[in-house]
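If you count the sequence shown from 1, position 242 lands on 243 in the numbering used here, and the numbers rise without skipping. Glycine included, C-beta positions come from ideal geometry on N, C-alpha and C. All figures in this text were calculated on a predicted structure; none of them were measured in a lab. Notes follow the structure.
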Amino acid sequence: MNTSPAIATLPLKVAEARTLNPLIRLLRLEHADGAPLPGWTPGAHIQVQVRLPDGQTDWRHYSLIDLEGVAGTPGFAPMAYTIAVRREESGRGGSRFMHEGVRPGDRLAVQPPRNDFPLEEGSARAVLLAGGIGITPLASMAARCRAQGRSAALHYAGRTRPLLAFADELQALLGADLRLHADDEAGGQGFDIDALLDGMAAGEPLYVCGPKPLLDAVLAAAQARGWAPGRVHFELFSAPAVEAGDQPFEVELAQSGRRFMVPADQTLLDCLIEHGCDPLYDCKRGECGVCAVPVIAGELDHRDYVLSQAEKDGGQVMQICISRAKGPRLVLDL
């Protein structure tokens, strides 16, 4: 990621590291000098510099966790940040570094909190839907709603009950307003999105965080019901996945004439980085719009959540972190 030099990093040290379940590791980070840290609001994340297996460094973003409901209060200046990292065997190795390469006492470069997924103020009940590690920002939202006396319902889905991190703490916090869903206990059936949406009152906001299939299904169901744009607030918690029918394609950079083959199991962004290019990017999930690139030629397979339908139909710009070429060749204005 191209990090602006104007963004100063915080020198944090690992005060605590422990395993929550076979896939998730909790880390508590403190300022190396013992100073208070910048405050944050529910939904915020920090970016942590990770070391990859090839020796390069990169940035990964992790939502901040607060189960006390104090994040966002006036004067909030925490002495530590708590994050939870899900181990991913695929990808470039950032999560493996956070699981295997980070120990208590280690120092990490961390960008200050930023919130692209805020909990909006209001009196309407907040309905929260988490898939897997997507629980991290929503747990903070649920705790804040409780502290404010605002009604909230949290639906938390995962593959198995033991993989639902923070389930006990959330049960104590929310009681009957927490609904746990484990696929193995539901006969392999996925979470019933239609039942959730049909049970919501008019005007209640829905906050969703989890893997792409969950988010895509929720957005499609909301659109089918004619929900107003913006009623579903979301953040995606997964790397771009290989989809059925994905094929390798050639990309040409018009400004330099360089050409590369993008494998079926690699994103266009990662391919460019691998070949020494320095494209702008941030979220790597098709949400932020930072990696938009003009397209000169080629048929596009848009998979982002940023461009309007008119922009997608125009075929003149793409988000290279997640979208691909439908055909064998793509020419970018890079």
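Whether residue i touches residue j by CB criterion (8 Å)
{"i": "valine 296", "j": "methionine 262", "result": "no"}
{"i": "glutamine 48", "j": "threonine 58", "result": "no"}
{"i": "leucine 129", "j": "alanine 148", "result": "no"}
{"i": "leucine 30", "j": "methionine 80", "result": "no"}
{"i": "glycine 94", "j": "leucine 139", "result": "no"}
{"i": "glycine 133", "j": "proline 212", "result": "yes"}
{"i": "alanine 255", "j": "valine 332", "result": "yes"}
{"i": "alanine 183", "j": "arginine 151", "result": "no"}
{"i": "tryptophan 10", "j": "valine 111", "result": "The sequence as given places threonine at residue 10; tryptophan does not occur at that position. In this structure, valine 111 lies closer than 8 Å to threonine 10 by Cβ."}
{"i": "alanine 229", "j": "isoleucine 194", "result": "no"}
{"i": "aspartate 283", "j": "valine 294", "result": "no"}
{"i": "alanine 125", "j": "glutamate 205", "result": "yes"}
{"i": "histidine 141", "j": "alanine 72", "result": "Going by the sequence as given, residue 141 is serine instead of histidine. Taking 8 Å as the Cβ cut-off, serine 141 and alanine 72 qualify as a contacting pair."}
{"i": "leucine 181", "j": "arginine 226", "result": "no"}
{"i": "proline 178", "j": "leucine 207", "result": "Looking at the sequence provided, one finds aspartate at residue 178 rather than proline. The answer is no: Cβ separation not under 8 Å."}
{"i": "alanine 131", "j": "leucine 120", "result": "no"}
{"i": "alanine 33", "j": "arginine 108", "result": "yes"}
Assumed close pair residue i, residue j - CB separation to whole angstroms, cut-off 8 Å
{"i": "glycine 40", "j": "phenylalanine 77", "result": "4 Å"}
{"i": "cysteine 210", "j": "glutamate 236", "result": "5 Å"}
{"i": "valine 15", "j": "leucine 28", "result": "6 Å"}
{"i": "leucine 68", "j": "alanine 144", "result": "5 Å"}
{"i": "cysteine 322", "j": "leucine 270", "result": "4 Å"}
{"i": "lysine 327", "j": "glutamate 300", "result": "4 Å"}
{"i": "isoleucine 66", "j": "threonine 137", "result": "5 Å"}
{"i": "arginine 87", "j": "isoleucine 25", "result": "5 Å"}
{"i": "histidine 46", "j": "proline 114", "result": "7 Å"}
Three-state class that DSSP yields for residue i in the structure shown
{"i": "lysine 14", "result": "strand"}
{"i": "serine 64", "result": "strand"}
{"i": "alanine 143", "result": "helix"}
{"i": "threonine 58", "result": "strand"}
{"i": "glycine 133", "result": "helix"}
{"i": "asparagine 3", "result": "Since pLDDT at asparagine 3 reaches only 44, below the 50 mark, its modelled position is unreliable, and the value read off the structure follows with that caveat. Asparagine 3: coil per DSSP, three-state reduction."}
{"i": "alanine 332", "result": "It should be noted that the sequence gives valine, not alanine, for residue 332. Three-state DSSP puts valine 332 in a strand."}
{"i": "arginine 108", "result": "strand"}
{"i": "arginine 115", "result": "strand"}
{"i": "alanine 223", "result": "helix"}
{"i": "alanine 36", "result": "coil"}
{"i": "alanine 326", "result": "strand"}
{"i": "arginine 97", "result": "helix"}
{"i": "alanine 229", "result": "coil"}
{"i": "proline 75", "result": "coil"}
{"i": "alanine 202", "result": "coil"}
Residue(s) in a DSSP beta bridge with residue i
{"i": "phenylalanine 235", "result": "Val209"}
{"i": "threonine 83", "result": "Arg29"}
{"i": "asparagine 1", "result": "This structure leaves residue 1 out entirely; the chain is present only between 2 and 335."}
{"i": "histidine 156", "result": "Leu130 and Arg180"}
{"i": "arginine 52", "result": "Thr58"}
{"i": "isoleucine 47", "result": "Tyr63"}
- request: Please specify which runs of the alpha helix (DSSP H), each continuous and at least 4 residues long, are wholly inside the stretch 162-191, giving them in chain order.
  value: 168-175
message: Quick check for students: name the residue ranges of the alpha helix (DSSP H) that lie wholly in the stretch 241-324, counting only runs of 4 or more.
response: 269-275 and 310-315
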